[in-house]
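Asks: For the sequence shown, our numbering gives the first residue as 576, with consecutive numbering after it.
We treat Cβ as the ideally placed atom computed from N, Cα and C, and that holds for glycine.
Bear in mind that the values here come from a model prediction, so they are computed numbers and not experimental data.
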Amino acid sequence: MSFDTTSFKLSRSSMKRIFSSLRQLGLLIAIFLLFPVMTANAAGRVQQTGHPIVIVIDPGHGGDNNGTTENGFLEKEMTMTTALAMKEALSQFDDVEIYLTHEDDKDLTLKERAQFAKKHNADFLISLHYNASETHLLYGAEVWISLIPEYHVPGYQLGTAILREFRDLGLPLRGIKTRRHSKGMDYYGILREAATLGLPAMIVEHCHVDNAKDSVFCDSRDELIAFGEADARAVAKYFGLKSTALDLDYSKEMTELPAVTPGELVGRAVQDTTDPTLCEISLKEAIYDQDLVTVEVKAEDPDSNLIYYAYSLDGGKTFCDNLIWPEGDVLTGEYKGLTDITLEIPDGTVPQICFKVTNPYDLSKTSNVLTFERAFQKPVATAKPSPQEFHDATADLLPEKEAETDPFDKITEILLIAIPVVTILFVIALFLYLFHARREKSRKRKTSKKGRKS
């Protein structure tokens, strides 16, 4: 048997090319398999930046524009204190530049603030504010971001980092939100102006100065500084900054940012224009002699979340102040749709109970009414008087003399003894009289019989 050596050489050459192709294919497969792992270990931040990171902080208001002045607060001074503290804290991190739109007491237009950020090629424009509401019933921190997807996604991720810091301070949260102008664009001018210039921006409303639940977080200079430091920590974690001076490394914090899809709006951050879809209540227990009622509340808002509830005892004419909806997380959209709530009923009240639930956009749904036929009434305690509560008043007046006997008491005492004695004597006398009369009658009868015989 014979074979062609030329054909054999060609076959070996072909085999080499095949093996070379296989090696290249294997390398591509390995890269493909490792790529998700590599990206998973990289930053979860969607926004791409250069170096250094440039942050522009905008202290809200200034000059003749005071901002809110509720409860004696002056917002323009509050935002400046917080902004300077934020800048000082961020300045301790490496590879970052920080600018303030203004450091003196002057008012800038929203366009001027955005242009300042653009001039410094800002990676983010952060406008700092403090809040107040017309009803004075609202409380909690919130962040406003753009409706334009390109700026919405980084705003949502940084907003989450900021609100996480506020939650650690103990603040209730109202969420990361958008608001649409009637023309379809962003309602807030600073967001519109920044987007026009190609910059991501946000508004941070730290808390409500006109509500006692929030004002305790901002009623001193130290607390305003604490807000600025919290803002700085959030920015450092979002950008994965390191600090040689502080021996801090937040590079891994970026992987803990919320998952988002580039170019798409986050559903729960899009303005909700509808009321919660459900609010129903049913009676679990009524303890009349303890003034307690336990109500089962079922509520739902699939478009955003639930943040407050309030209850009424007069059928919905008046409600208590807003209370935080139990077990809700406005950052994840999770909340408990069914919960038991115990109410203390004022003594003597015949209540008509209903509930109201509210979403982050302050839209509410009111429940059905529970009626009761009788009043809640705690039993009246009848305490027995202790001996120490009574004393001899005469002894107080004559502490060293024995109190004199009342003459009337003596007469009463004599009568109580004399009447029974007189009664007994009267009965004995009557008995003797009747006995004597009977004997006398018997004697006369015997004498009369003897006379007739003689």
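Which partner residues of Gly750 appear in the DSSP bridge assignment?
Replies: Glu717
Asks: Apart from the five residues on each side of it in sequence, which residues of its chain come closer than 7 Å, Cβ to Cβ, to Arg742?
Replies: Leu748
Asks: Applying the criterion that 16 or more other CB atoms from any shown protein chain within 10 Å of the CB defines a buried residue, is Leu665 buried or exposed?
Replies: buried
Asks: How big is the Cα-Cα spacing for Leu600 and Gly619?
Replies: Residue placement at Leu600 is poorly supported in this model, since its pLDDT is 42, which falls under 50; the coordinates still yield a value, given next. In a straight line, the C-alpha of Leu600 is about 29 Å away from that of Gly619.
Asks: How many Å lie between His966 and Asp866 at the Cα?
Replies: For His966, the predicted structure reports a pLDDT of 45, less than 50, and the residue's modelled location is therefore unreliable. The matter cannot be settled from this model.
Asks: So Val810 is in the alpha helix (DSSP H); what residue range does that whole segment cover?
Replies: Note, Val810: alpha helix (DSSP H), 796-814.
Asks: Mapping the DSSP letters down to three states, classify Thr998 as helix, strand or coil.
Replies: helix
Asks: Can the beta-carbon of Thr654 be found closer than 8 Å to that of Gly635?
Replies: yes
Asks: Could you compute how far the alpha carbon of Glu768 sits from the alpha carbon of Ala736?
Replies: 24 Å
Asks: Using only CA atoms, which one of Phe947, Phe648, Val629, Ala707 lies nearest to Ala861?
Replies: Phe947
Asks: Taking C-beta to C-beta, are Tyr714 and Asp761 nearer than 8 Å?
Replies: For Tyr714 and Asp761, no; Cβs fall outside 8 Å.
Asks: Keeping to the same chain, check which residues put their C-beta closer than 6 Å to that of Leu858; ignore five residues upstream and five downstream.
Replies: Leu945
Asks: Compute the Euclidean distance between the alpha carbons of Asp937 and Tyr705, then round it to the nearest angstrom.
Replies: 18 Å
Asks: By Cβ distance, which residues of its chain are closer than 7 Å to Gly734, with the 5 residues on each side in sequence left out?
Replies: Val718, Ile720, Ile751, Met777
Asks: Can you tell me whether DSSP reads Val728 as helix, strand or coil?
Replies: Three-state result, Val728: helix.
Asks: Taking the alpha-carbon positions, what's the Arg688 to Gly764 distance?
Replies: 10 Å
Asks: So for Val612, helix, strand or coil by DSSP?
Replies: Any reading at Val612 must be qualified, since the residue scores a pLDDT of 34, below 50, and its modelled position is unreliable; the value itself is stated next. If DSSP states are grouped into helix, strand and coil, Val612 belongs with the helices.
Asks: If Thr1043 sits next to Asp633, beta carbons under 8 Å apart, how far is it from one beta carbon to the other, in whole angstroms?
Replies: Nothing can be reported for residue 1043: it is not among the residues displayed for the chain, which extend from 576 to 1029.
Asks: Which partner residues does Ser818 have in the DSSP bridge list?
Replies: Per DSSP, Leu823.
Asks: For Arg796, I'd like the list of residues in its chain whose CB is within less than 7 Å of its CB, leaving aside the five on either flank, ordered along the chain.
Replies: Thr656
Asks: Please say whether Leu918 and Tyr886 have beta carbons closer to each other than 8 Å?
Replies: For Tyr886 and Leu918, yes; Cβs fall inside 8 Å.
Asks: When you compare only the Cα positions, how much space is there between Glu678 and Glu709?
Replies: 30 Å
Asks: Skipping 5 residues on each side, what residues in its chain have a beta carbon closer than 6 Å to that of Arg808?
Replies: So the list reads Glu740, once near-sequence residues are dropped.
Asks: Only counting runs of 3 or more residues, tell me where the beta strand (DSSP E) segments fall wholly within the region 903-931, in order along the chain.
Replies: 913-919
Asks: Count the other CB atoms within 10 Å of the CB of Glu988; is the residue buried (16 or more) or exposed (fewer)?
Replies: exposed
Asks: What is the DSSP secondary structure of Lys873, counted as helix, strand or coil?
Replies: Residue state, collapsed to three classes: strand.
Asks: In three-state DSSP terms, what is Thr684?
Replies: coil
Asks: Sorted by chain position, which residues of the same chain lie with C-beta nearer than 7 Å to Ala605's C-beta, five sequence neighbours on each side aside?
Replies: Because the pLDDT at Ala605 is just 41, under 50, the model does not fix this residue reliably, and the value given afterwards should be weighed accordingly. Cβ within range, chain order: n/a, list empty.
Asks: Given this structure, state the Cα-to-Cα distance separating Ile628 from Ile673, to the nearest angstrom.
Replies: When the Cα atoms are used, Ile628 and Ile673 turn out to be separated by approximately 8 Å.
Asks: So the candidates are Leu772, Lys686, Glu645; which of them puts its Cα closest to the Cα of Asn696?
Replies: Leu772
Asks: Give me the Cα-Cα distance between Ile723 and His756, rounded to the nearest whole angstrom.
Replies: 12 Å
Asks: Go through its chain and collect everything with a Cβ distance to Gln622's Cβ below 6 Å, but skip five positions before and after it.
Replies: Pro729
Asks: Count the CB pairs spanning the region 867-882 and the region 840-859 that are closer than 8 Å, and state whether there are at least three.
Replies: yes
Asks: Take the Cβ of Leu774 as the centre, count every other Cβ of all protein chains shown within 10 Å, and call the residue buried at 16 or more, exposed below.
Replies: buried
Asks: Could you have a look at Tyr560 and say whether DSSP puts it in helix, strand or coil?
Replies: Outside the modelled stretch of the chain, which goes from 576 to 1029, sits residue 560, for which no answer is possible.
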